């Protein structure tokens, strides 16, 4: 405080009272009066005696007092709670006396608090309250129609605080309301002969870097129960010992009731609400209703944060004493004792940790009062010295008159207090019990607090939060700095795209002229005769093009297009100085031009082709997403990547496809590629919540916690609020030992979960009402149409017995819903095992059933036996669901226990609500049926695989197993028999290729990076292989036709965009879409040397002859 006081010691405060209105004296006639100003017990000055105008009823005083801001009378810490007192005194002359009689007419107070809020001057009108009429206890003074008032102007010669000091300082207001559920020792105070008691409470807060401020709340009044405290009652001033009764109350703030579930303290559970309602309505209580403001400078705010971080529980000590002892000074015996016994000494521990939540400026709640114990105080607050005992010792501050007193003391003995010897408390002659820690004896008057569950309500507010809350705009700016947004593409194609489109157009023109030349030579037929020589036809076509001059014209027309392609698409505008660089560039140019030529040809013939096959349809986005997810589940990662690439190409501005692509790389354990996918998704859409959350998860995995908190805080600021985002933020902060911030995040998540559950219950209740109404109407209609029938007693008895046998004790729910289980589902779906284990550890520390999620994590870690044991134990004591049996089937399947897996899969399909991964269940169940050679169940396998094929008919494994089923069931279709000319044959029971029994096919694993049986999925450049039971199929192979089936061989340019309707017997045709010479000719247009079939990457010198080079 010294630094702040030094900056304000030369600042003078001037108070001017211009006039008083509505003045009435004790006697009729002119009123002679004067004003007096007092501050902190000292007089500032008196005005001249002035006479009131009886007609205008006002007095012009023009009374001014000036005093320095910081001196021995007033400091900055005194300004909030020590107002200036103005007394209006009437001078009544006496006839027989020399001196006139003075009568106090009224008293007003002037608050200087606006000077601490950045104002240099302000004006106000203050009310003069009578000093003789005292209001009833706990009530507001009755308003007067014409209350006398004073017009006041307050100004300072300079701002008390600079802009920097104003932004870094703080104003704390501590409001002590009421204590409820009092012990019997308090209730004995009610009665005509009982002594009157008051309660005193004390609390200590820091105000500067070296000083603490003692908040002493005295004169807590005992009040009878039978009603609730009034809502909207006024708050009392801290110092009102020398104030008129009307000035005891603050003019502005009021106390307002708050729902119990929204409080920040203790006793907020459903079990405590009934107890609190009874205590706050029927039982006696102690009421303070006092507000104590405290000014904290910048160093004091820093020290306040530090003290809360060190110990979040702050003690509020309470004691009881009689009013007679307070007035007569009977506490001298207590003060004379070095270690006095304090009657009814209790302590409440206020949880100040919530003030370190970002953006929080207000806490209010009920806190239980516990018997005072130095050991308990040391364990909770790291100090063992009682503030009340320090005040009662000799030499302590004697200024204890009034409702509340504030004094400052140095902090020199704090370290000694916390490490010093713990002295015994209480009088040894008093019968006592031992506290819960077994160290300090507790007198009976203190133990009563615990028996009666006494609690006190306190409220603390700050003008500025101790931890500022980062705005959503600032969080968006930080994310934008980490991941710059991808600019939106313009409406039309850019220069590079126009260059490619122009090249495609020129290729189309070339194709048109070549077809004209081809028709002139060979006619319009598309199919070649059997005795035709393609090389001869190619030579004839090339000769005709050269003779007609078309070949030279083609090359000249396409050269400008190629030049634009080089400049705009390949961004090459400089001349090459090295021959090797030129060769490498020309080789790359050749590859790009050939690729674009193929794209152009595919466009030409795909658009002009008539789709005469009803079995071929275009793949929609939903189909591609399903196929990608299926390939990911069965472990065919390479195909899944292709599907995701297709989705991203189709929808470049949709972040969900890139997010799912990143999910694939999370499963394979390639976290760098997953990070790139999630960052790309955020670059496309800066507010994509799932991608932001996964960016935060990956950043935490790489120990970049600052970025992790940035991503997750941004995810929490996006509407609608995400429960998972708040929980992930809490997990990241908990891993850094930021317990208070983590607690805040978890509380936000729990409030969202509570709101979600309430919304679900409301929706279910509405649906139930609708169903009941429909059933009621249906029953009324049936009563009108169906005559009543009598039932025999035997039937009733049978129904009763049946009902008794069916109904059993309900089991607990299989999946307990909490913020951690909701987050676990998100993390398991995205294969974030490390964070999932952290969330599971938090869930295991809470109540509820965690078996299902524990088994999921064990399966993800490839601990199949542990997962099976966990599920088996859970199935004995919980109500199973389809997902639980499906998970049990996956565990047995991956362990090789196919019989147990089959049983679990079949049970999962028996539930009305199917498993979430039904497709994978059907695939694995079909493979088990094939392995067990259950011919009577082959139709079930065919149905399962056909259902899978309906969802994705480009899965080679599904087609292969469908073929195996056809072979096993000896099925032929009339279509195949007519085309192949093959009659019914006896097919072997073993594989038609190698004569071995089929081995079970593993359609993927759940754990990351697990190899897949039968094909090395995910390897770059690796083709998907059919199962080992089948030979490679090709349109030229006769093995398939001999076995009774054929393949449909679709051209490459249509294979990614077509799919076939599911059929057990497969028949597809090979189609020719263009002239046989077209691809050969267009592919050779770039070979100047006429060397066919050469690789331009290896023979760069053959690309252009020196005399044909052109400047680019």
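In my numbering, the protein residues as written are 2 to 1113. Using N, Cα and C, we set each Cβ at its ideal position, and we do this for glycine too. These numbers come from a predicted model, not from an experiment.
Cα-Cα separation between residue i and residue j, rounded to whole angstroms
| i | j | result |
| --- | --- | --- |
| residue 707 | residue 690 | 18 Å |
| residue 240 | residue 82 | 7 Å |
| residue 228 | residue 287 | 13 Å |
| residue 259 | residue 457 | 15 Å |
| residue 206 | residue 299 | 14 Å |
| residue 725 | residue 356 | 24 Å |
| residue 443 | residue 263 | 34 Å |
| residue 150 | residue 65 | 17 Å |
| residue 1102 | residue 582 | At residue 1102 the pLDDT is 36, less than 50, meaning the model places this residue with poor confidence and gives no usable figure here. |
| residue 836 | residue 698 | 7 Å |
| residue 605 | residue 516 | 13 Å |
| residue 1065 | residue 766 | Low per-residue confidence applies at residue 1065: pLDDT is 29, beneath 50, and the placement is therefore not dependable, though the value from the model is reported in the following sentence. Distance between the alpha carbons of residue 1065 and residue 766: 47 Å. |
| residue 723 | residue 636 | 31 Å |
| residue 168 | residue 354 | 22 Å |
| residue 106 | residue 171 | 38 Å |
| residue 104 | residue 91 | 5 Å |
| residue 487 | residue 720 | 22 Å |
| residue 553 | residue 580 | 27 Å |
| residue 482 | residue 476 | 10 Å |
| residue 269 | residue 275 | 10 Å |
| residue 225 | residue 310 | 40 Å |
| residue 743 | residue 761 | 27 Å |
| residue 764 | residue 773 | 14 Å |
| residue 344 | residue 464 | 36 Å |
| residue 455 | residue 181 | 6 Å |
| residue 244 | residue 839 | 59 Å |
| residue 549 | residue 521 | 12 Å |
| residue 1041 | residue 688 | Per-residue confidence for residue 1041 stands at a pLDDT of 34, beneath the threshold of 50, marking its modelled position as unreliable; no derived number is given. |
Rounded Cβ spacing between residue i and residue j (contact assumed at less than 8 Å)
| i | j | result |
| --- | --- | --- |
| residue 371 | residue 451 | 6 Å |
| residue 216 | residue 318 | In fact, because the Cβ distance is near 11 Å, the residues do not count as touching under 8 Å. |
| residue 879 | residue 852 | 7 Å |
| residue 459 | residue 358 | Contact flag wrong, Cβ pair sits at about 18 Å. |
| residue 290 | residue 236 | 6 Å |
| residue 116 | residue 36 | Actually they are not in contact, since the Cβ atoms of residue 116 and residue 36 sit about 21 Å apart, beyond 8 Å. |
| residue 113 | residue 84 | 7 Å |
| residue 60 | residue 20 | 6 Å |
| residue 730 | residue 717 | 6 Å |
| residue 871 | residue 883 | At roughly 18 Å, the Cβ-Cβ gap does not stay under 8 Å, so residue 871 and residue 883 are not in contact. |
Where the alpha helix (DSSP H) containing residue i begins and where it ends
| i | result |
| --- | --- |
| residue 70 | Careful: residue 70 lies outside any alpha helix (DSSP H) and carries neither H nor E. |
| residue 678 | 672-685 |
| residue 694 | 690-702 |
| residue 906 | 899-910 |
| residue 294 | Premise fails: residue 294 lies in the beta strand (DSSP E), 286-297, not in any alpha helix (DSSP H). |
| residue 837 | 834-845 |
| residue 273 | 271-282 |
Bounding residues of the beta strand (DSSP E) (the contiguous stretch that carries residue i)
| i | result |
| --- | --- |
| residue 20 | 13-22 |
| residue 256 | 250-256 |
| residue 39 | 33-40 |
| residue 245 | Careful: residue 245 lies outside any beta strand (DSSP E) and carries neither H nor E. |
| residue 369 | 363-372 |
Are the segment 634-651 and the segment 662-670 touching, with three or more C-beta to C-beta distances below 8 Å?
Flag = yes, the segment 634-651 and the segment 662-670 touch.
Does the segment 492-510 touch the segment 535-551, meaning 3 or more C-beta pairs lie closer than 8 Å?
Cβ pair count under 8 Å is below three, so no.
Taking 8 Å as the cut-off, does the segment 209-223 touch the segment 9-23 (at least 3 CB pairs, one atom from each stretch)?
Too few Cβ pairs lie closer than 8 Å, so no.
Going residue by residue through the segment 515-586, where are the continuous alpha helix (DSSP H) segments of at least 4 residues, counting only ones entirely within it?
If only complete runs of 4 or more residues are kept, the segment 515-586 shows the alpha helix (DSSP H) at 535-549 and 551-565, in order along the chain.
Do the segment 912-925 and the segment 880-900 meet, that is, are 3 or more Cβ pairs less than 8 Å apart?
Here the segment 912-925 makes contact with the segment 880-900; the two share three or more CB pairs at distances below 8 Å.
Does the count of Cβ pairs from the segment 47-56 and the segment 147-165 closer than 8 Å reach three?
Contact between the segment 47-56 and the segment 147-165 is absent, because fewer than three Cβ pairs lie under 8 Å.
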